[in-house]
Amino acid sequence: MKQHKSFSILLSIILVMVIFIAGCSSNSSTTDNESSNENDTSNSEEEQVTINLGFYSGGESDEKMQELIDGFMEKHPEIKVTTQSAPYGQFFQKLDTQIAAGEAPDIWLSDGVLVMKYAERGAVKDLTEWVNRDLNKEEYYGLEFNEDTNGKYWGVPQGIQIGALYYNKDLFDQAGVDYPNEDWTWEDLKEVAAKLTIDASDKKPGDEGFNSDNIKQFGLTFFSITEGWFPVLKSYGGGILNDSLNKSIINSDENKQALEWMVDGMSRGIITDPADLKSFQSSMAVFPSGSAAMRIGIYARVLAANEAGLNYDVTVLPKGPDGERFSPVIANSWVINDSTSDKKAKAAWEWIKYWATEDEVQKEWAALGEAVPVKKSVANSEVFLNASDKPENREAFLESFDFAGTLDTNAVWSEWVAKFNEHAQRAFLKESTIDEALENADKDIQEIVDEFYKE
Amino acid sequence: MESQRVTQTSTILTTKKRRLLTHEGRWGLLLVSPYLIHFIVFVVGPLIASLYFSFSQYDMLNPPNWAGLENYEKLFNEPLFYKSLWNTLYFAILFVPTQAFLALLLAVALNQKLKALKLYRMAHFIPVISSWTVVMYVVDAIFNPRFGMANNFLIKLGLEPQRWLNDEQLVIPLLVLVAVWKGVGYMMVIYLAGLQNVPNELYEAAEIDGAGTIKKFKSITLPLISPTTFLVIVLSTITTFQAFEQIYVMTGGAADITEAGGPNDASLVLMLYLYREGFSFLHMGYASAIAWILFIILFLLTLLQLWGQKKWVHYN
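Chains A and B are the protein sequences, given in the same order. For the first sequence, the UniProt record's numbering gives the first residue as 1, with consecutive numbering after it. For the second sequence, the UniProt record's numbering gives the first residue as 1, with consecutive numbering after it.
Following this line, the structure appears as structure tokens:
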């Protein structure tokens with residue numbers, strides 16, 4: 001009898017432990033949405049719908065997002081919003097596993113370049129019907145950037161990133177060179193950049209004893225697809241994929257010409273090459289630290305430049321040899337989980353509408369300075385154009401929409417970008433010729449695309 | 001009292017045949033059940049799942065599709081797999097003996113009666129507890145090709161500055177150097193424990209017989225701590241095959257995953273390759289296949305080490 005009793009005590013201890021362990025595993029989701037339990041109860045009482053909203057963020061934007069969500073819930077008492085957020089890298093790493101486990105948020109903020117990754121794998125809802133019904137497309141920037149090749153919309157932009165040419169006015173003044181203007185071609189840029197390049201012993205390109213391997217100040221810094229090679233390739237008439245995004249068009253004369261421009265600039269020390277970039281804590285740090293006179297940058301880069309207190313401005317990106325221009329766009333967007341219930345999806349769409357249509361929301365978000373507002377009326381208003389911070393010429397970002405395009409984003413974007421980077425870097429560092437780089441990139445990328453689209 | 005217990009156990013022994021589990025057996029099972037449940041749910045389950053995934057096409061966002069040996073076929077035809085396998089082996093070949101040797105050397109030095117001994121031991125343990133991100137900043141201060149001390153030093157000596165982590169030839173040796181610096185303190189502590197278990201009488205006896213310091217070390221210390229050496233070698237081998245964070249952080253993966261393992265994949269080790277394929281490109285099935293190959297390699301290596309130990313490890 002006594003033994004029985006101690007046995008059952010032990011059994012209950014273990015039971016408690018098991019429950020505790022089980023509790024731990026679901027704990028992470030309860031901390032994500034602290035108020036979810038309370039919502040569940042009120043849910044059954046008042047026919048309320050609770051949606052879980054996921055977004056990536058940093059400190060300040062987190063707070064603002066919460067404010068806007070509170071405003072939304074006030075306006076829509078029938079909808080409760082619980083949130084989960086994490087820094088960028090963690091957010092997307094977790095998201096994939098959450099989708100696999102059927103635990104993903106009902107609606108989440110997707111990096112613009114990843115929308116097609118989710119769309120073409122059936123993880124997010126087709127929003128075409130709702131977009132057509134509820135949004136006046138003329139009023140927004142960037143809706144078309146979430147349109148696939150069949151004209152379907154998979155997300156609604158939350159904020160737009162678009163590329164422009166940043167230049168450090170102080171460095172231009174020191175060198176006694178005119179600021180960049182809208183008539184520039186990439187050749188003009190390089191000519192001026194050469195005048196702004198200074199090596200460790202204060203010599204300029206063309207001076208005797210100039211050492212292109214030890215540069216103190218670069219004329220232009222660029223890196224990555226968005227803020228580097230893609231806009232150059234495109235304005236030279238080249239590119240990576242065809243219009244239906246399933247054929248590589250890499251091995252072309254236009255691309256070759258563009259790459260020649262880059263490699264020449266890099267070997268002369270005017271443009272940062274991949275090895276140069278490694279010597280900075282981050283590739284993004286070169287311009288804000290004052291080590292480069294110009295950069296190709298998306299809108300979000302004003303934050304770092306302002307924080308560094310640079311005296312700088314922006315203008316549209318230069319033209320290619322035939323006068324063609326191209327500005328890269330990333331439309332970070334709200335997408336709705338495909339496996340969420342209709343009721344929740346509808347509530348999630350209410351949030352999207354609230355985000356896109358309400359001027360107040362757009363203005364509040366624009367004040368953070370992270371992205372170009374989605375709504376044209378707000379982007380063209382004082383709130384955005386005459387913000388107290390630099391740069392002065394914010395119109396340049398809006399003008400760039402006239403010649404803007406996506407980064408040939410498809411379902412396997414991250415994968416083919418990695419391959420292209422690999423081959424381009426080899427050419428940049430003169431480990432292979434430009435012809436070899438293009439040929440190999442063409443072959444490898446076609447393989448990657450074929451593998452996904454073969455069925 | 002005594003006899004009572006004896007009869008009790010004997011009755012249990014007789015009933016054992018009839019029942020699947022004895023009373024004590026049930027207790028035992030109950031007592032280990034928290035671990036057992038954990039083991040089944042979080043170890044055996046995922047293990048079986050990953051084996052299944054390795055035979056399917058799985059992108060995490062959609063259910064897996066059975067694909068037979070496709071992933072393994074692709075793996076064995078992929079030059080990058082062989083390159084990452086070689087990088088991993090190269091890392092291990094440099095790392096394991098260097099770390100074991102240095103750890104032993106340090107342990108012997110710190111097993112003496114020195115002043116401020118605890119301080120020395122602590123100093124060697126500090127890198128062990130620092131995170132790789134912190135270590136990366138220290139490494140950058142030294143090996144940054146542009147501002148680093150190492151290049152300044154070379155230039156002062158009139159030598160050519162190096163590209164260090166950006167140099168395909170130098171990257172792995174340099175990573176090993178840093179890994180040894182960071183890990184040696186831990187192995188040193190294991191060795192210290194081993195050294196302190198060597199009975200002093202043996203040294204005293206040897207001294208009477210006229211053995212010198214080197215002779216004592218060779219004939220007494222080394223054989224008696226050979227189980228420790230074995231442990232250190234097995235542990236370091238496993239660490240190298242699982243090396244991820246260091247290379248990820250030090251080759252720039254934190255900023256851009258496609259940078260990790262550079263330059264030109266010269267430091268792409270199996271774990272990084274697995275991570276990139278699985279989590280960046282959503283080839284989870286392929287990544288699972290890599291994981292299983294990695295497991296088989298480690299398993300064989302450990303078997304080899306276990307077999308080899310008979311020849312040189314002495315257990316009292």
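Idealized CB from N, CA, C, for every residue including glycine. Every value quoted in this text rests on a predicted model; they were computed, and no experiment measured them.
Let me confirm a value: residue i is counted as buried when at least 16 other C-beta atoms fall within 10 Å, else exposed. Which label applies?
{"i": "residue 513(A)", "result": "Residue 513(A) lies beyond the residue range present for chain A, which begins at 1 and ends at 455; the question has no answer from this structure."}
{"i": "Val43(B)", "result": "exposed"}
{"i": "Tyr179(A)", "result": "exposed"}
{"i": "Gly23(A)", "result": "Note on Gly23(A): pLDDT 47, under 50, position unreliable in the model; the coordinate value appears next. So Gly23(A) counts as exposed."}
{"i": "Trp154(A)", "result": "buried"}
{"i": "Thr30(A)", "result": "Its pLDDT being 38, under 50, Thr30(A) is placed unreliably in this model, and the coordinates cannot settle the point."}
{"i": "Met1(B)", "result": "Legend: pLDDT at Met1(B) = 44, less than 50; position of this residue unreliable, no value from coordinates given."}
{"i": "Asn65(B)", "result": "exposed"}
{"i": "Asn52(A)", "result": "buried"}
{"i": "Lys375(A)", "result": "buried"}
{"i": "Tyr315(B)", "result": "exposed"}
{"i": "Ile40(B)", "result": "exposed"}
{"i": "Asn200(B)", "result": "exposed"}
{"i": "Gly89(A)", "result": "exposed"}
Measure the alpha-carbon distance for residue i versus residue j and round it to whole angstroms.
{"i": "Asp207(A)", "j": "Leu109(A)", "result": "51 Å"}
{"i": "Gln99(B)", "j": "Asp209(B)", "result": "33 Å"}
{"i": "Tyr58(B)", "j": "Lys169(A)", "result": "51 Å"}
{"i": "Lys344(A)", "j": "Glu63(A)", "result": "24 Å"}
{"i": "Asn144(B)", "j": "Tyr82(B)", "result": "29 Å"}
{"i": "Met108(B)", "j": "Ile190(B)", "result": "Residue identity check: residue 108(B) is Val in the sequence provided, not Met. So the alpha carbons of these two residues sit roughly 12 Å apart."}
{"i": "Ala103(B)", "j": "Leu68(A)", "result": "57 Å"}
{"i": "Val302(A)", "j": "Phe287(A)", "result": "11 Å"}
{"i": "Ile297(B)", "j": "Gly163(A)", "result": "47 Å"}
{"i": "Leu222(B)", "j": "Phe230(B)", "result": "11 Å"}
{"i": "Ile238(B)", "j": "Thr302(B)", "result": "9 Å"}
{"i": "Asp342(A)", "j": "Ala348(A)", "result": "10 Å"}
{"i": "Ser381(A)", "j": "Glu260(A)", "result": "41 Å"}
{"i": "residue 469(A)", "j": "Asn71(B)", "result": "Here chain A covers residues 1 to 455 and nothing more, so residue 469(A) does not appear."}
{"i": "Gln98(A)", "j": "Asp338(A)", "result": "13 Å"}
{"i": "Ile152(B)", "j": "Asp140(B)", "result": "This sequence places Asn at residue 152(B); Ile is not what is there. Taking the straight line joining both Cα atoms gives about 13 Å."}
{"i": "Phe299(B)", "j": "Leu270(B)", "result": "15 Å"}
{"i": "Glu422(A)", "j": "Ala194(A)", "result": "27 Å"}
{"i": "Ser26(A)", "j": "Lys443(A)", "result": "Because the pLDDT at Ser26(A) is just 43, under 50, the model does not fix this residue reliably, and the value given afterwards should be weighed accordingly. Roughly 45 Å separates the two Cα atoms."}
{"i": "Leu438(A)", "j": "Val128(B)", "result": "45 Å"}
{"i": "Lys247(A)", "j": "Gln446(A)", "result": "6 Å"}
{"i": "Thr83(A)", "j": "Leu95(A)", "result": "13 Å"}
Who are the neighbours of residue i on chain A, taking C-beta pairs under 7 Å?
{"i": "Asn166(B)", "result": "Ala275 and Lys278"}
Shorter than 8 Å from the beta carbon of residue i to some beta carbon of chain B?
{"i": "Asp111(A)", "result": "no"}
{"i": "Arg325(A)", "result": "no"}
{"i": "Arg133(A)", "result": "no"}
{"i": "Ser414(A)", "result": "yes"}
{"i": "Arg295(A)", "result": "no"}
{"i": "Ser282(A)", "result": "yes"}
{"i": "Arg426(A)", "result": "yes"}
{"i": "Asp202(A)", "result": "no"}
{"i": "Asp96(A)", "result": "yes"}
{"i": "Gln161(A)", "result": "no"}
Please compile the residues from chain B whose C-beta is within a distance smaller than 8 Å of the C-beta of residue i.
{"i": "Ile99(A)", "result": "Met60 and Leu61"}
Residue i CB to nearest chain A CB: under 8 Å?
{"i": "Ala255(B)", "result": "yes"}
{"i": "Ala173(B)", "result": "Checking the displayed sequence, the identity of residue 173(B) turns out to be Pro instead of Ala. It does not: the Cβ of Pro173(B) has no partner Cβ on chain A nearer than 8 Å."}
{"i": "Arg121(B)", "result": "no"}
{"i": "Asn264(B)", "result": "yes"}
{"i": "Ser280(B)", "result": "yes"}
{"i": "Thr258(B)", "result": "yes"}
If the cut is a Cβ gap below 7 Å, which residues of chain B does residue i touch?
{"i": "Glu307(A)", "result": "Ordered by position in chain B, no residue passes the 7 Å Cβ test against Glu307(A), which lies about 18 Å from the chain."}
{"i": "Gln90(A)", "result": "The premise fails here: Gln90(A) is roughly 12 Å from chain B at the closest Cβ pair, so nothing lies under 7 Å."}
Interface residues of chain A around residue i at Cβ under 9 Å?
{"i": "Pro199(B)", "result": "Chain A residues near Pro199(B): none, gap ~43 Å exceeds 9 Å."}
Closer than 8 Å by beta-carbon distance: list the chain A residues that pair up with residue i, in chain order.
{"i": "Phe53(B)", "result": "Within chain A, no residue comes near Phe53(B); the closest Cβ sits about 11 Å away, beyond 8 Å."}
{"i": "Phe299(B)", "result": "Ordered by position in chain A, no residue passes the 8 Å Cβ test against Phe299(B), which lies about 27 Å from the chain."}
{"i": "Asn144(B)", "result": "Ser279"}
Let me check you understand the geometry: is the CB of residue i closer than 7 Å to at least one non-hydrogen atom of the ligand FAD?
{"i": "Ile126(B)", "result": "The model depicted lacks the ligand FAD and carries no ligand whatsoever."}
- Query: Closer than 7 Å, Cβ to any Cβ of chain B: which residues of the region 226-246 of chain A, in chain order?
  - Reply: Flagged: no residues at all.
- Item | Contact list for the region 117-141 of chain A against chain B, Cβ threshold 9 Å | Here the close residues are Lys117, Tyr118, Arg121, Gly122 and Ala123.
- Message: At a CB distance below 9 Å, what residues from the region 136-161 of chain B approach chain A? Give them in sequence order.
- Response: Going along the region 136-161 of chain B in chain order, one finds Tyr137, Asp140, Asn144, Pro145, Arg146, Phe147, Gly148 and Pro161 with a Cβ nearer than 9 Å to chain A.
- Within 8 Å of chain B by C-beta, residues of the region 345-370 of chain A in sequence order: none
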